[in-house]
Amino acid sequence: MNIRFEAELKNAVAAALQQLFNQSVRPESVVFQETKREFEGDVTLVVFPYAKPAGMAPEGCGNMLGEALLREKHLIARFNVVKGFLNLVIAPEFWWRYYRHLAHDIRTLFDPATNPFLSPPQKLMVEYSSPNTNKPLHLGHIRNNLLGYSVAAVLKAAGNDVVKVNLVNDRGIHICKSMLAWKKFGHGETPASTGLKGDHLVGKYYVIYDKKFKEQVEALVQDGVGKEEAEKQAPLTLEIQDMLRAWEAGDPETLALWKTMNGWVYDGFAVTYKNLGVDFDKMYYESETYLLGKKLVDEGLEKGVFFRKEDGSVWVDLTDVGLDQKVVLRADGTSVYITQDLGTAQLRFDEFAALSRLVYVVGNEQDYHFKVLKEIFRKMGRPWADGIYHLSYGMVDLPSGKMKSREGTVVDADDLIHEIVEEAEMATKALGKIDDFDNEEARQLYHDLGLGALKYFILKVDPKKRMLFNPAESIDLNGNTGPFIQYTYARIRSVLRKGATLQLNASEETMDYTMSAAERSLVKLLYTYPQVIADAANALSPSLVAAHVYDLAKAFNHFYHDHVIVDDQSPAISAFRLKLAGMVAETLKEGTRLLGINVPERM
RNA sequence: GGUCCCGUAGCUCAACUGGAUAGAGCAUCUGCCUUCUAAGCAGACGGUUUCGCGUUCGAGUCGCGACGGGAUCACCA
């Protein structure tokens, strides 16, 4: 007998439709929805689509279907019809059977092999983070990193083989700006000499470059030079171009400086990544990949996908698919951004055989770019072109609007992490529940809680949507938040510790007992978990996991409020409730793990 | 201007391929800690889903239009 009812119930509906109304529908096409809270039932069948061809009123149709399904005695206990909605009450024995199944080993709930909703496993790559090495990470990067990490975790939980990669933008004119400014105005400063985090030190010189450059332009404009011309003539413009040329020519002194300063940045990033809890299986550096792609340009020319203009530049014409003409190689033969991306995509599909999907976690400001990238590969006849997927997430706005570095409204990643952890510390100390923790334990807890709050806050929002972050109000620790879920976990662990003193054993679980509504709803939420994982993997949306984990925590607290779990007067019921609570805890832990959130034993 | 995305309670967000009386949290107000963690629970208040027309048995969801917001249209990355 199947441990899940979906397939059986769908078959039963299809059979009943055939028998009652001579309608043939495929069982897979039958869909149930969760019954609304105000009606009795577990699942609901919308009968409108079947009533019409049957030439019946929806109510009558619903009643006839209900009667027919009632014959599945072991599955359906009773039903009711409201308008065109057939609400089915799943038999209590079913929930008991499912509970026992999970109680035997809760890990099966998280095992892709036993999840019937998943599509076949694939080899996937997720690219995320992809920072520039000229300034520290900010709030926008935080959303990117948290999303990329979580999406990869969800895809893995859905049974896929996932490679996490990071493509570091470590070269180019913008990198040279920090280098040049440091060289000219840095007086040999280092992270060690200043106590500054490496990425912040380099970012400081990026800002200095910009400032000095503007001063030079302004001076020229005062002398009557036009603005555009002034920008071209500015001494820094000439110097920076020299530096880029020197870098590309392999000038030892320039390369040495580049390595040193990038090293500082990587040390800084490593700290931020560690704090965020994100990691990568493979790093790509643009300094190593920026020359790739030129071969593809040649190939495209041969195939007639690209064409060369008189000045020597190479273009692709995408007007037939509603896009424009785009440059893929400059007149001087050097690469543009998309040339590199063509190269790295090809490289990855070459390196990882059987890679069926390459997911780019990149902001929606690059929607157009990725349309072009994908379309070029289509035109070049790459069979994997459709596997290129741009996970386009919305920008993070501040109450004042978009973050603007020039206006100093950028929310720095390290600052934000520091503040939220500090806030978690204050809230925890105010409650005074962990006074016996040593320093290290306490520090770890504050970190987990602060990051739990931050991660949940960001990941609960649908990736596609832009979101608003208000630094002044910061992040709540109550209500629909990470710490709420962490709290629920810690609360369960606490009950389990108490329960352990009772020395119950599982055989005392009873079947005579009728589950309360709250208990049944917990079992049902566990039952739904595999479906949620499948949905989240399909949609590449951790927010679905976040929502479910929240529902589960909420339902547990409701249950907790009006049930006594550990009661030495009724060992059988205690055993059942402890087991159930334990399963909820494990599911909270697993779900939050997919969001990159740690749950504490105590808080 | 062309193309694309978005508009849901005062605020931040939900609502699976169109389904029932659009749900949570925050904020405001009420109750509940000498019993397993009150970062909790229960309740109240709060909506013409920006507006209009259309398709449908049924529209926050689909189509058209208006209004409002954003992104993008570089031999930048």
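So the first sequence is numbered by the numbering used here: it starts at 4 and just counts up by one.
Here a beta-carbon is modelled for each residue, glycine too, at the ideal position from N, C-alpha and C.
What residues match up with residue i in a beta bridge as DSSP calls it?
i      : result
Glu368 : According to DSSP, which records beta bridges pairwise, Glu368 is partnered with nothing at all.
Gly404 : Leu401
Trp318 : Phe310 and Val330
Asp164 : Lys126
Asp415 : His141
Asn169 : Met286
Gln36  : Thr47
Tyr516 : Its beta-bridge partners do not exist; DSSP assigns none.
Ile79  : Ile93
Tell me the DSSP secondary structure of residue i in three-state form.
i      : result
Leu471 : strand
Phe88  : strand
Leu480 : coil
Leu598 : coil
Asn5   : coil
Ser132 : coil
Val28  : coil
Tyr363 : strand
Leu150 : helix
Leu358 : strand
Asn14  : helix
Tyr293 : coil
Phe120 : coil
Glu305 : helix
Gly325 : coil
Gly201 : helix
Pro115 : helix
Glu41  : coil
Arg385 : coil
Glu604 : coil
Lys436 : coil
Start and end of the beta strand (DSSP E) containing residue i?
i      : result
Met286 : Lys285 to Tyr288
Ser395 : Ile391 to Tyr396
Which residue marks the beginning of the alpha helix (DSSP H) containing residue i, and which one marks its end?
i      : result
Thr491 : Gly485 to Ala503
Asp344 : Tyr340 to Glu354
Gly455 : Asn442 to Leu462
Leu68  : Pro61 to Leu73
Lys180 : Ile176 to Phe188
Phe97  : Pro95 to His107
Thr337 : Here Thr337 belongs to no alpha helix (DSSP H), and DSSP marks it neither H nor E.
Thr197 : Pro194 to Thr197
Just checking, does the region 373-382 make contact with the region 319-338 on the three C-beta pairs under 8 Å criterion? Yes, they touch.
Query raised in the report: If you pair each beta-carbon of the region 198-207 with each one of the region 271-278, do three or more pairs fall below 8 Å?
Result: Yes, the region 198-207 touches the region 271-278.
Exercise. Do the region 142-160 and the region 205-223 meet, that is, are 3 or more Cβ pairs less than 8 Å apart?
Worked result: Because the criterion of three Cβ pairs below 8 Å is not met, the region 142-160 and the region 205-223 do not touch.
* Just list the beta strand (DSSP E) runs in the region 203-289, keeping only unbroken ones of 3 residues or longer that don't cross its boundaries, in chain order. => Entirely contained in the region 203-289, the beta strand (DSSP E) runs reaching 3 residues are, in chain order, 285-288.
Flag this pair as touching only if the region 520-532 and the region 435-442 have three or more C-beta atom pairs under 8 Å; answer yes or no.
Taking one beta carbon from each stretch, the region 520-532 and the region 435-442 have fewer than 3 pairs nearer than 8 Å; the two do not touch.
task = Specify whether the region 155-172 and the region 117-126 touch according to this definition: at least 3 beta carbon pairs, one from each stretch, less than 8 Å apart.
result = Short answer: they touch.
Pair every Cβ in the region 91-111 with every Cβ in the region 581-594, then say whether three or more of these pairs are closer than 8 Å.
Taking 8 Å as the limit for Cβ pairs, the verdict is that the region 581-594 does touch the region 91-111.
Does the region 595-602 come close enough to the region 484-494 that 3 or more CB-CB pairs lie under 8 Å? Touching, yes.
Using 8 Å as the threshold, is the region 545-552 in touch with the region 460-468, meaning 3 or more CB pairs across them?
The way I'd put it, the region 545-552 does touch the region 460-468; three or more beta-carbon pairs between them come closer than 8 Å.
**Prompt:** Taking the runs of the alpha helix (DSSP H) that are 4 residues or longer, which of them lie wholly in the region 521-585?
**Reply:** Within the region 521-585, the complete alpha helix (DSSP H) runs of at least 4 residues are 545-565.
Q. Any contact of the region 220-227 with the region 185-194, i.e. 3+ C-beta pairs under 8 Å?
A. The region 220-227 makes no contact with the region 185-194: fewer than 3 CB pairs, one atom from each, lie closer than 8 Å.
- Message: I want to know whether the region 64-73 touches the region 48-55 - three or more CB-CB distances under 8 Å.
- Response: Touching, per the Cβ criterion.
Three or more C-beta pairs under 8 Å: does that hold for the region 107-121 against the region 324-344? Cβ pair count under 8 Å is below three, so no.
Assess, as a yes-or-no matter, whether the region 355-363 is touched by the region 429-437 under the definition of 3 or more beta carbon pairs within less than 8 Å.
With contact defined as three or more Cβ pairs closer than 8 Å, the region 429-437 and the region 355-363 are not in contact.
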